[in-house]
Amino acid sequence: MDIVDVFEKGGIAMWPLLGLSILAVGTILERIWFWASILLKEKEIVNRVLDAATNNWQIAKEIALKARRQPIGRYLYAPLRLTEPDPELFHLALEAAADDELASMRRGDKLLEAVIALSPLLGLLGTVLGLIRSLRSITIADLGTASTAGVTLGIGEALISTASGLIVAITSLAFYRLFQAFWFNQVKLFRKAGSELELLYRQDWLQNEEGKHGWNNNTSEVPEITDSLTKRDLEN
Numbered sequence: 300m301d302i303v304d305v306f307e308k309g310g311i312a313m314w315p316l317l318g319l320s321i322l323a324v325g326t327i328l329e330r331i332w333f334w335a336s337i338l339l340k341e342k343e344i345v346n347r348v349l350d351a352a353t354n355n356w357q358i359a360k361e362i363a364l365k366a367r368r369q370p371i372g373r374y375l376y377a378p379l380r381l382t383e384p385d386p387e388l389f390h391l392a393l394e395a396a397a398d399d400e401l402a403s404m405r406r407g408d409k410l411l412e413a414v415i416a417l418s419p420l421l422g423l424l425g426t427v428l429g430l431i432r433s434l435r436s437i438t439i440a441d442l443g444t445a446s447t448a449g450v451t452l453g454i455g456e457a458l459i460s461t462a463s464g465l466i467v468a469i470t471s472l473a474f475y476r477l478f479q480a481f482w483f484n485q486v487k488l489f490r491k492a493g494s495e496l497e498l499l500y501r502q503d504w505l506q507n508e509e510g511k512h513g514w515n516n517n518t519s520e521v522p523e524i525t526d527s528l529t530k531r532d533l534e535n
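With positions in the sequence shown counted from 1, the corresponding number in this note's numbering is that position plus 299.
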């Protein structure tokens, strides 16, 4: 039985199943290419940016800028492009970038979900229509006679659409769960990289603030010391 025979015996439901399978295959191939292109480079980008941030924030910014083709590069560059932000603004920039990038990574999920839900139903519909076609010409008087010999064959052919629908749905579901696993790993990576970068920035920002206000705090104590010495001299 070749593919042409399968479509002829499967009935009218095979054509929408074919359309769904084409959409699913196209989405799966595009998502495989997408995930393969980012999973191989993201850890290297994170390590380079974090290592540079410990010594020079400008170098870290340049590294993230060059990596903007990758989602993790755009995510890390979002707060680094700001001019001397306070820690709260730095954190908000990370959150906004994470929301955008993680949402874009789920492109195609809705289509796969639709294929997973519709394919078995279309296959079942094709089977029901096939059974109706096979049993329509059978009467009670024909039971147990040679007239019912073709009914078994007709029922078997009617089940072709159900099997086809299940194949499309199961294949789509397998890749859908795989892409979901990749996405959850990205959530963990973004959270870890963002937390480490934010921690480095907060430490550096606090050190700079202490350096700015340290001299002012020391000089403010000078008049108090001078006043106490003057009072002591007057008493003597």
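Even for Gly, the Cβ is constructed at its ideal location relative to N, Cα and C.
Values in this document were obtained by computation on a predicted structure and should not be read as measured data.
DSSP places ALA312 outside any alpha helix (DSSP H), giving it a letter other than H or E.
Out of SER336, THR353, ASP304, GLY310, the CA that lies nearest to the CA of LEU499 is found in THR353. Around the C-beta of GLU341, 16 or more other C-beta atoms lie within 10 Å, and the residue is accordingly described as buried. One thing to note: THR426 has its Cβ no nearer than 7 Å to the Cβ of LEU465. For ASP304, the closest C-alpha among the options SER460, ALA473, ARG373 is that of SER460. When the five nearest sequence neighbours on each side are left out, the beta carbons in the same chain lying within less than 7 Å of the beta carbon of MET404 are those of PRO370, TRP482, GLN485, in order along the chain.
ALA335 and LEU319 have their C-alpha atoms roughly 24 Å apart. By the beta-carbon neighbour count (other beta carbons within 10 angstroms, threshold 16), LYS360 is buried. For PRO384, there is no enclosing alpha helix (DSSP H), as DSSP gives it neither H nor E.
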